[in-house]
Amino acid sequence: MHDARELWELFDARASATPDAQALVDEVGRTRTFGELRDGALEVAAGLAEMGVGPGTVVSWMLPTWIESIELVGALARLGAVQDPILPIYRHREVGFILRQARPALVIVPPVWRGFDYEAMVRELLPADLDATVLVAGRDGDDTGHRLPRGDSASAPPFTSAGDELPVRWLFYTSGTTADPKGAQHTDAAIRASATGMSLGLGLREDDRSALIFPFTHIGGQTWLWAALATGSVLLVDEAFDPDGTVQLLRREGVTHAGSGTYFHQTYLAAQRALPEGERLFPQVRTFPGGGSPKPPQLHHAIKAELGGAGIVSGYGLTEAPILTMGHATDDDELLATTEGRATPGVQLRLVTLDGHEAATGEEGEVRAKGPQITPGYLDPALDAAAFDEDGWFRTGDLGRLDAEGNLTITGRLKDVIIRKGENIPAKELEDLLFGHPAVADVAVIGLPDDEAGEIACAVVVPTQDRAGGAVELDLATLCDHLLGEGLTKRKLPERLELVDALPRNPAGKVLKHDLQARFG
Numbered sequence: 003m004h005d006a007r008e009l010w011e012l013f014d015a016r017a018s019a020t021p022d023a024q025a026l027v028d029e030v031g032r033t034r035t036f037g038e039l040r041d042g043a044l045e046v047a048a049g050l051a052e053m054g055v056g057p058g059t060v061v062s063w064m065l066p067t068w069i070e071s072i073e074l075v076g077a078l079a080r081l082g083a084v085q086d087p088i089l090p091i092y093r094h095r096e097v098g099f100i101l102r103q104a105r106p107a108l109v110i111v112p113p114v115w116r117g118f119d120y121e122a123m124v125r126e127l128l129p130a131d132l133d134a135t136v137l138v139a140g141r142d143g144d145d146t147g148h149r150l151p152r153g154d155s156a157s158a159p160p161f162t163s164a165g166d167e168l169p170v171r172w173l174f175y176t177s178g179t180t181a182d183p184k185g186a187q188h189t190d191a192a193i194r195a196s197a198t199g200m201s202l203g204l205g206l207r208e209d210d211r212s213a214l215i216f217p218f219t220h221i222g223g224q225t226w227l228w229a230a231l232a233t234g235s236v237l238l239v240d241e242a243f244d245p246d247g248t249v250q251l252l253r254r255e256g257v258t259h260a261g262s263g264t265y266f267h268q269t270y271l272a273a274q275r276a277l278p279e280g281e282r283l284f285p286q287v288r289t290f291p292g293g294g295s296p297k298p299p300q301l302h303h304a305i306k307a308e309l310g311g312a313g314i315v316s317g318y319g320l321t322e323a324p325i326l327t328m329g330h331a332t333d334d335d336e337l338l339a340t341t342e343g344r345a346t347p348g349v350q351l352r353l354v355t356l357d358g359h360e361a362a363t364g365e366e367g368e369v370r371a372k373g374p375q376i377t378p379g380y381l382d383p384a385l386d387a388a389a390f391d392e393d394g395w396f397r398t399g400d401l402g403r404l405d406a407e408g409n410l411t412i413t414g415r416l417k418d419v420i421i422r423k424g425e426n427i428p429a430k431e432l433e434d435l436l437f438g439h440p441a442v443a444d445v446a447v448i449g450l451p452d453d454e455a456g457e458i459a460c461a462v463v464v465p466t467q468d469r470a471g472g473a474v475e476l477d478l479a480t481l482c483d484h485l486l487g488e489g490l491t492k493r494k495l496p497e498r499l500e501l502v503d504a505l506p507r508n509p510a511g512k513v514l515k516h517d518l519q520a521r522f523g
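Mapping the sequence shown onto my numbering, position 491 (from 1) lands on 493, and the numbers just tick up by one.
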């Protein structure tokens with residue numbers, strides 16, 4: 003792997019080393035070589051520089067997983083801007099908060115995409131005291147007429163290396179466990195460290211063809227980009243995951259690493275089972291990278307037996323600390339099925355029991371970590387005190403066990419968050435909004451296990467009483483309409499409703515959610 007310290011340095015080095023090698027293929031068959039990718043990024047950099055983007059300029063961008071999005075990342079890296087990638091599934095509540103806190107000078111959104119008008123949303127949400135430009139950019143060749151600005155690549159401002167002390171170049175927002183998103187600051191060192199750990203675990207090499215089929219705005223998207231540039235391997239790019247279309251893309255292009263989480267792996271398994279006996283879905287596959295959601299151990303065994311390769315090779319991390327651990331393609335099946343692998347290079351792990359002592363081997367404790375990929379702090383510094391302990395260890399809020407060889411098994415969470423298809427759904431946010439419905443007297447939102455999604459959100463509601471003393475009628479559709487009306491994104495909607503007479507609470511008034519999970523799970 004190339005040892006570049008900054009992303010643009012890596013873009014340039016890869017294009018110089020293998021300019022004619024294929025870098026990207028998308029779902030409609032468009033391609034880029036590494037030389038073309040660099041040149042396209044330089045053209046966009048020249049165009050953005052004419053708009054005033056330069057070192058330290060905060061640019062929020064909300065584009066799907068397009069080739070143009072990857073060119074944009076390279077362009078902003080060339081200019082030394084601070085990138086604030088926003089998940090395209092975010093809506094008014096999250097986007098409004100991010101714009102108010104990050105205060106970008108430029109916001110880049112797609113045209114109407116998948117039926118949603120991003121430009122209208124952003125213009126509605128921009129703070130009155132923020133002098134920000136909104137740029138609408140589609141894919142080259144589409145019929146919208148909207149494009150990223152481009153100029154003569156030779157006129158792009160020169161790249162200035164940051165030197166020894168890498169500056170914050172990234173803001174990644176995670177919903178975490180609070181109602182408001184949390185903006186984790188990162189340098190290029192975090193992306194490099196997570197990509198290095200992942201690449202070593204997967205054994206990534208120049209002839210690999212890896213799936214980039216989840217939102218590129220996620221920190222994992224930048225991890226895969228760095229890994230591909232460092233190794234000279236190909237990314238198979240799909241603007242949005244579609245069970246039929248994405249599988250056909252990966253089949254057509256000979257995928258070797260088919261990620262990137264439980265939901266995706268279950269989709270591949272179903273597609274394999276629909277084929278005639280003896281036909282392989284992905285004949286060249288080597289691994290099924292995983293992470294972001296609970297991994298049923300039996301899924302690894304099924305994937306390996308029916309789809310081939312090493313099976314699921316997963317890692318563990320957070321937006322604030324990506325890929326702290328990673329399995330290895332050469333690990334035995336028991337490790338791959340039941341653990342998230344070992345600490346990646348430069349990472350130290352410490353497990354602390356609930357009573358504050360260092361956990362022994364095999365004993366459960368909160369996972370705490372130090373390493374080059376850990377955020378130096380949130381954009382809101384008030385959040386830092388709870389995120390780091392007194393010795394500077396990052397508190398993940400997850401519970402786990404380490405075996406004698408250092409393999410980590412995640413056993414639960416201190417955080418009250420549901421992880422559905424790899425995305426965080428904060429229970430408190432749903433509870434706060436549900437309390438606003440006149441028919442809801444009391445509510446708790448819990449995560450329940452689900453074979454497909456990993457977990458689903460279940461709203462346990464005590465309905466208000468009518469004048470006759472009976473419970474007001476209430477159904478899931480009514481509550482979901484209420485949540486959508488409050489600006490909640492569809493991905494966070496609860497998928498199950500249970501009506502109860504009262505919520506179980508301890509003497510201090512805290513809802514006993516484990517009792518509810520045992521009752522309804």
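The beta carbon of each residue, even a glycine, is placed where N, CA and C say it ideally should be.
Could you tell me which of Ala17, Met53, Gly58 and Asp28 sits nearest to Glu38, measuring between CA atoms?
The shortest CA-to-CA distance from Glu38 to any of Ala17, Met53, Gly58 and Asp28 is the one to Ala17.
With burial defined as no fewer than 16 other Cβ atoms inside 10 Å of the residue's Cβ, what is the status of Asp22: buried or exposed?
By the neighbour-count rule (16 or more Cβ atoms within 10 Å), Asp22 is not buried but exposed.
Taking all protein chains shown into account, do 16 or more other C-beta atoms lie within 10 angstroms of the C-beta of Asp503, making it buried, or fewer, making it exposed?
By the Cβ neighbour-count rule, Asp503 is exposed, with fewer than 16 other Cβ atoms within 10 Å of its own.
Which residues in the same chain have their Cβ closer than 6 Å to the Cβ of Val27, if we skip the five residues on either side of it in sequence?
Cβ within range, chain order: Thr33, Leu238 and Glu255.
Helix or strand or just coil, what does DSSP make of Lys184?
Lys184 sits in a strand when the DSSP states are folded into three classes.
Mind the definition here: the region 66 to 78 touches the region 98 to 107 only if three or more C-beta pairs lie below 8 Å; say whether that holds.
These segments do not touch.
Here's the rule I'm using: 16 or more other beta-carbon atoms within 10 Å means buried, otherwise exposed. How should Pro57 be labelled?
Exposed, since its Cβ has fewer than 16 Cβ neighbours within 10 Å.
Just to confirm my understanding: we take Val442, look at its own chain, exclude 5 residues before and 5 after, and list those with CB closer than 8 Å. What are they?
Counting only Cβ-Cβ distances below 8 Å, and skipping sequence neighbours, we find Leu436, Val463, Val464, Pro465, Thr466, Leu476 and Leu481.
Quick one, which of Phe243, Gly364 and Gln103 has its alpha-carbon nearest Pro217's?
Distances from the CA of Pro217 to each of Phe243, Gly364 and Gln103 were compared; the closest alpha carbon is that of Phe243.
Could I get the ranges of all uninterrupted beta strand (DSSP E) runs contained in the region 188 to 251, with 3 residues as the minimum, in chain order?
Counting only unbroken stretches of 3 or more residues, the beta strand (DSSP E) elements lying wholly within the region 188 to 251 are 211 to 214 and 236 to 239, in sequence order.
Taking buried to mean at least 16 other C-beta atoms within 10 Å of its own C-beta, is Val445 buried or exposed?
It is buried - the Cβ of Val445 has at least 16 other Cβ atoms within 10 Å.
Check whether Thr355 and Gly367 have beta carbons under 7 Å apart
In this structure, Thr355 places its C-beta atom within 7 Å of the C-beta atom of Gly367.
Taking Ala186 and Thr321 to be in contact with their CB atoms under 8 Å, please state how far apart those CB atoms are, rounded to whole angstroms.
Contact between Ala186 and Thr321 is confirmed by a C-beta separation of about 5 Å, below the 8 Å threshold.
Applying the 10 Å Cβ sphere with the 16-neighbour rule, what's the burial state of Ser163?
The residue is exposed, with fewer than 16 neighbouring Cβ atoms inside 10 Å.
By how many angstroms is the C-alpha of Pro451 removed from the C-alpha of Arg498?
Straight through space, the alpha carbons of Pro451 and Arg498 are spaced by roughly 12 Å.
What three-state label does DSSP hand Leu450 in the structure shown?
In the structure shown, Leu450 sits in a strand (DSSP, three-state: E or B).
Residue from Trp63, Ile427 and His302 whose Cα sits closest to the Cα of Glu121:
Of the candidates Trp63, Ile427 and His302, Trp63 places its Cα closest to the Cα of Glu121.
Given 8 Å, three or more beta-carbon pairs between the region 393 to 403 and the region 411 to 429:
When Cβ pairs closer than 8 Å are counted between the two stretches, the region 393 to 403 is seen to touch the region 411 to 429, the count reaching three or more.
DSSP on His259, reduced to helix/strand/coil?
Here His259 sits in strand by DSSP.
Please classify Arg507 as buried or exposed, where buried requires at least 16 neighbouring CB atoms within 10 angstroms.
Using a 10 angstroms sphere on the CB of Arg507, the tally of other CB atoms stays under 16, which defines it as exposed.
Leaving out five residues on either side along the sequence, give the residues of the same chain with a beta carbon under 8 Å from the beta carbon of Val170.
The answer, listed in chain order, is Val84, Gln187, His188, Thr189 and Pro378.
Going by beta carbon distance, what residues of the same chain come within less than 7 Å of His148, once the five residues before and after it are set aside?
Counting only Cβ-Cβ distances below 7 Å, and skipping sequence neighbours, we find Pro113, Val138, Ala139 and Gly140.
Would you mind stating whether Arg152 and Val136 have Cβ atoms separated by less than 7 Å?
Taking C-beta atoms as the reference points, Arg152 and Val136 fail to come closer than 7 Å.
Would the beta-carbon of Ala229 fall within 7 Å of that of Ala260?
For Ala229 and Ala260, no; Cβs fall outside 7 Å.
Count the other CB atoms within 10 Å of the CB of Thr576; is the residue buried (16 or more) or exposed (fewer)?
One cannot answer for residue 576 here, as it falls past the ends of the chain, which runs 3 to 523.
Reducing DSSP to helix, strand and coil, say where Leu514 ends up.
In the structure shown, Leu514 sits in coil (DSSP, three-state: anything other than H, G, I, E or B).
Leaving out five residues before and five after Arg352 in sequence, what residues of the same chain have Cβ atoms less than 6 Å from its Cβ?
For Arg352, where only same-chain residues beyond five positions count, the Cβ hits under 6 Å are Arg370 and Trp395.
With 16 as the cutoff for other CB atoms within 10 Å, does Leu501 come out buried or exposed?
Exposed, by the Cβ-count rule.
Out of Asp131, Trp172, Asp246 and Gln286, which one is the CA nearest neighbour of Asp210?
Checking every option, the nearest Cα to that of Asp210 belongs to Gln286.
Here's the rule I'm using: 16 or more other beta-carbon atoms within 10 Å means buried, otherwise exposed. How should Glu431 be labelled?
Buried: at least 16 other Cβ atoms inside 10 Å.
Nearest-angstrom Cα separation, counted from Thr67 out to Ala312
Approximately 27 Å, taken between the alpha carbons.
Please go through the same chain and pick out, in chain order, the residues whose beta-carbon is closer than 6 Å to the beta-carbon of Ala19, but skip the five residues on each side of it.
If you ignore the 5 residues before and after Ala19, its C-beta comes within less than 6 Å of no other C-beta in its own chain.
Determine the DSSP secondary structure at Gly292, reduced to helix, strand or coil.
The answer is strand: DSSP assigns Gly292 an E or B state.
Helix, strand or coil for Tyr175 per DSSP?
Of the three classes helix, strand and coil, the one that applies to Tyr175 here is strand, per DSSP.
Hey, could you find the ends of the beta strand (DSSP E) Arg397 is sitting in?
Per DSSP, Arg397 is one residue of the beta strand (DSSP E) stretching across Phe396 to Leu404.
Leaving out five residues before and five after Glu308 in sequence, what residues of the same chain have Cβ atoms less than 6 Å from its Cβ?
Same-chain partners within the cutoff: Gln274.
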